[in-house]
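The next block holds one structure in the form of structure tokens; read it before the comments.
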Amino acid sequence: EVQLVESGGGLIQPGGSLKLSCAASGFSVSRNYMNWVRQAPGKGLEWVSVFYTGGSTYYADSVKGRFTISRDDSKNTLYLQMDSLRADDTAVYYCARGIDFWSAYFDLWGRGTLVTVSS
Amino acid sequence: DIQMTQSPSSLSASVGDRVTITCRASQGIGNFLAWYQQKPGRVPQLLIYGASTLQSGVPSRFSGSGSGTDFTLTISSLQPEDVATFYCQKYNSAPFTFGPGTKVDVK
Chain H
1 EVQLVESGGG LIQPGGSLKL SCAASGFSVS RNYMNWVRQA PGKGLEWVSV FYTGGSTYYA
61 DSVKGRFTIS RDDSKNTLYL QMDSLRADDT AVYYCARGID FWSAYFDLWG RGTLVTVSS
Chain S
1 DIQMTQSPSS LSASVGDRVT ITCRASQGIG NFLAWYQQKP GRVPQLLIYG ASTLQSGVPS
61 RFSGSGSGTD FTLTISSLQP EDVATFYCQK YNSAPFTFGP GTKVDVK
């Protein structure tokens, strides 16, 4: 079955760190544009970061310098290392698949993992 | 960076009504525009890509149009199961920005 399963969310204090995982099955993360998208409680969707097939990455300004996206092809898993967490990082974090440059829209989403930043 | 706007922010319509949502990009993005539907408590689902191509399995009452900076999502005959928030997204290049969303309710 083609799916994405996120894990690693939880309650963390401001200034802390957390690493999210997104395990893919049924396809190879290395052959797709893999993204993180977040949604704060009651708010809209915010794109966070992309890991391109060639290995380059891109970040939203709101997380640049604090979050790091990475990929382990041997585990077919995408990661998001989140450092210097703030209260406004509280959100459900989704992993989402894009196909390639011409089809970078997100055709597959995980169920998400909730990150709560609070003291 | 290119900004995405949507209008209206919310709407309420009757079953069977034709519903139109507008999305605007601050700069031209060709037809690199996708629409997503997020039902309450659910994960977003891809509805339309390439501004007008329906994703497999999406009912034909949904349609999309536009190119450049102005895009439209139309529901030809609103159904109770269409209650959701709809988001547009640019995907010509990162950042893959979403619009703020349009919440659709059924009267």
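Protein chains in written order, with the working numbering: chain H, 1 to 119; chain S, 1 to 107. Quick reminder that beta carbons are idealized off the backbone N, C-alpha and C, glycines included.
Within the segment 57–86 of chain S, complete beta strand (DSSP E) segments of at least 3 residues are found at 62–67, 70–75, given in chain order. In the DSSP annotation of this structure, S/Ala51 is not part of any beta strand (DSSP E), being labelled neither H nor E.
If you look at H/Val48, you'll find it in the beta strand (DSSP E) that goes 45–51.
DSSP places H/Ser103 in the helix class (H, G or I) of the three-state scheme. Within 9 Å of the CB of S/Gln89, the CB atoms of chain H belong to Leu45, Trp47, Tyr105, Phe106, in sequence order along the chain. Assignment of beta-bridge partners to S/Phe98 by DSSP yields S/Gln89.
Within chain S, the residues placing a beta-carbon under 7 Å from that of H/Trp109 are Val43, Pro44, ordered along the chain.
Within the same chain, Ser49, Val50, Tyr52 come within 8 Å of H/Tyr58 by CB-CB distance, once the 5 residues on both sides are set aside. By the criterion of at least three beta-carbon pairs nearer than 8 Å, the segment 37–49 of chain H is not in contact with the segment 12–32 of chain S. CA-CA distance, H/Leu18 to S/Ser56, rounds to 36 Å. For H/Ser30, the three-state secondary structure derived from DSSP is helix. According to the DSSP assignment, H/Asp88 belongs to no beta strand (DSSP E), since it is labelled neither H nor E.
From the beta-carbon of H/Ala40, no residue of chain S is found nearer than 7 Å; the closest lies around 12 Å away.
For H/Val115, the uninterrupted beta strand (DSSP E) run begins and ends at 113–117, by DSSP. For a cut-off of 8 Å, the C-beta gap from S/Ser65 to S/Ser52 is around 6 Å, short enough to register as a contact. No residue range can be given for S/Asp1, since it is assigned to no beta strand (DSSP E) and is classified by DSSP as neither H nor E.
Within the segment 68–88 of chain S, the residues whose Cβ lies closer than 8 Å to any Cβ of chain H are, in chain order, Thr85, Tyr87. In the structure shown, H/Val5 adopts extended strand secondary structure according to DSSP, grouped into three states. Put simply, the backbone Cα of H/Thr90 is about 24 Å away from that of S/Leu46. H/Glu6 and S/Thr74 have their C-alpha atoms roughly 32 Å apart.
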